[in-house]
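Listed in order, the protein sequences are those of chains A and B.
So in this note's numbering, spot 175 of the first sequence is number 181, and the numbers just go up one at a time.
So in this note's numbering, spot 20 of the second sequence is number 26, and the numbers just go up one at a time.
Using N, Cα and C, we set each Cβ at its ideal position, and we do this for glycine too.
Values in this document were obtained by computation on a predicted structure and should not be read as measured data.
Number of protein chains: 2
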Amino acid sequence: MGTLAPPTRDRLLVAAKELIEDGGYAAASVVAIAERAGVAAGTLYRHFASKEELFVEVFRSVCEREERTMRVAAAEMGDTASAAERLQAVFTTFARRALRNPRLAWALIAEPVDPRVDAERIAYRERYAELVAAGLSAGIAAGELPRQDVKLTAAALVGGCGEALVGPLSPLSAGDPDAEEIVAALRTFVGRAVGMR
Amino acid sequence: MGTLAPPTRDRLLVAAKELIEDGGYAAASVVAIAERAGVAAGTLYRHFASKEELFVEVFRSVCEREERTMRVAAAEMGDTASAAERLQAVFTTFARRALRNPRLAWALIAEPVDPRVDAERIAYRERYAELVAAGLSAGIAAGELPRQDVKLTAAALVGGCGEALVGPLSPLSAGDPDAEEIVAALRTFVGRAVGMR
DNA sequence: TACCATTGTGAATCGAGATTCACAAGGAGG
DNA sequence: CCTCCTTGTGAATCTCGATTCACAATGGTA
Chain A
7 MGTLAPPTRD RLLVAAKELI EDGGYAAASV VAIAERAGVA AGTLYRHFAS KEELFVEVFR
67 SVCEREERTM RVAAAEMGDT ASAAERLQAV FTTFARRALR NPRLAWALIA EPVDPRVDAE
127 RIAYRERYAE LVAAGLSAGI AAGELPRQDV KLTAAALVGG CGEALVGPLS PLSAGDPDAE
187 EIVAALRTFV GRAVGMR
Chain B
7 MGTLAPPTRD RLLVAAKELI EDGGYAAASV VAIAERAGVA AGTLYRHFAS KEELFVEVFR
67 SVCEREERTM RVAAAEMGDT ASAAERLQAV FTTFARRALR NPRLAWALIA EPVDPRVDAE
127 RIAYRERYAE LVAAGLSAGI AAGELPRQDV KLTAAALVGG CGEALVGPLS PLSAGDPDAE
187 EIVAALRTFV GRAVGMR
């Protein structure tokens, strides 16, 4: 047998992700997911103990990819880059990806969900914040950045950038000038906020 | 008759607010609200067309007070204060109040709700952001602050500070060192982020 | 007293989804 | 061919909270 037809389980995961991508969690009901995957509602329960379990898995795979991408972006800056530049690279990457897929980004960053899925969401946000906090600490140790409460700065930046980009008070909500312009403005903001010289 | 017993309508509003204060929207079901107000569930519908309408009213009254308090804080700085100092005062006030009542603050700022209530929530967030944006613009016009995308900075600050203080990735979630220490760290962060000299 | 408006009651009803379950439909092994 | 196991089906069921509604009280007015 060829690998032409993905197994049902995978089709369910993909269907759920796609539905969330353009309608948020509300659009991803069990019936809708099953329909998009081309199976009956009951079939979902042959592969997942519950809808939440499926969501958790979708979450993990998407967030892992995001985190990896941001780490790579920081690493790719090379040895000559300053800590602040590395952090700007992280947020620039974050921003470009979020702007490309705002609905999904919103779902990952802030949209509310059932407790178990929420726990997963918060765990990944914390990983993003830790990534940022580590960058800040490195910069402070190297004397490039001013002393500061790194946890607070990291949380404010992760939360704030997420909000500013895809949140309900995003400037984007009304009229999207140009993604690259926004990315540039965000880069400036991050630079100032971390205390870049 | 004296004014000793508040009218039912007011008791329902207060009950809803108190429930949200320490359990978020999830805790504020119609039955719970009615019970706390000392009436039957059906009574709520004698005073409000729906649960959402009641929430909208709770929202308005709380947010109006918050906004007023922040404006006053900015104004009280006097004529000698710089734009950055005024903005720091706004966020310091915001932070103290949020730290005193984190659950309510989170509900007002970010917790998701039904669309109609959400519209109200977003409207007030925008007013906070506009307040900040106006302060930024004044500072730029006066040559005190660097040119920047004021809407983005304002959105990132409002969202970010809310998140950092009471959000799911708040450093406070695990161990509360000291409110004033956090307020101080936030003041520093805001100063840097707006480009204070 | 009779009448009507307002306010309160709380059990019954609704609605929207998630979840279950009795019943196929293959397919592998004996 | 028989049996067991896995996977799929989709209508029926369950859950849970908002909402309704037939039925009191209460109080004011004619």
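Whole runs of the alpha helix (DSSP H) within the segment 8 to 78 of chain A, excluding any shorter than 4 residues: 14 to 27, 30 to 33, 36 to 43, 47 to 53
C-alpha gap between alanine 161 of chain B and arginine 102 of chain A, whole angstroms: 18 Å
Cβ separation of phenylalanine 97 of chain A and leucine 158 of chain B, assumed to be a contact under 8 Å, to the nearest whole Å: That belief does not hold up - the Cβ atoms of phenylalanine 97 of chain A and leucine 158 of chain B are roughly 12 Å apart, past 8 Å.
Within-8 Å CB hit, glutamate 91 of chain A to chain B: no
Interface residues of the segment 154 to 167 of chain A facing chain B [CB-CB below 9 Å]: Gln154, Asp155, Lys157, Leu158, Thr159, Ala160, Ala161, Ala162, Leu163, Val164, Gly165, Gly166, Cys167
Segment contact flag, the segment 39 to 56 of chain B with the segment 73 to 91 of chain B, C-beta cutoff 8 Å, min 3 pairs: no
Cross-chain neighbours of glutamate 117 of chain A in chain B, by beta carbon under 9 Å: Pro118
Where glycine 8 of chain A falls, given that 16 or more other Cβ within 10 Å makes a residue buried: Residue confidence is low: glycine 8 of chain A scores 40 on pLDDT, short of 50, so the model does not pin down where it sits. No coordinate-derived value is stated.
CB of glycine 145 of chain A within 8 Å of CB of leucine 137 of chain A, strictly: no
Backbone secondary structure at leucine 151 of chain A - three-state DSSP: Coil.
Partners in chain A for leucine 19 of chain B, counting only beta-carbon separations shorter than 9 Å: The contacting residues do not exist; leucine 19 of chain B stays about 24 Å from chain A at best.
Chain-ordered neighbours of glycine 30 of chain A on chain B, where CB pairs are closer than 7 Å: By Cβ distance, chain B contributes nothing, its closest Cβ being about 10 Å from glycine 30 of chain A, past 7 Å.
Contact list for threonine 194 of chain B against chain A, beta-carbon separation under 7 Å: Gln154
Presumed contact (8 Å Cβ cut-off) between alanine 79 of chain B and alanine 104 of chain B, rounded CB distance: Not confirmed; about 13 Å, so no contact.
Under 8 Å between C-beta atoms of glycine 44 of chain B and arginine 17 of chain B: Their beta carbons are under 8 Å apart, which means glycine 44 of chain B touches arginine 17 of chain B by this criterion.
CB contact below 8 Å: arginine 102 of chain B versus chain A: no
Endpoints, alpha helix (DSSP H) assigned at valine 200 of chain A: 185 to 200
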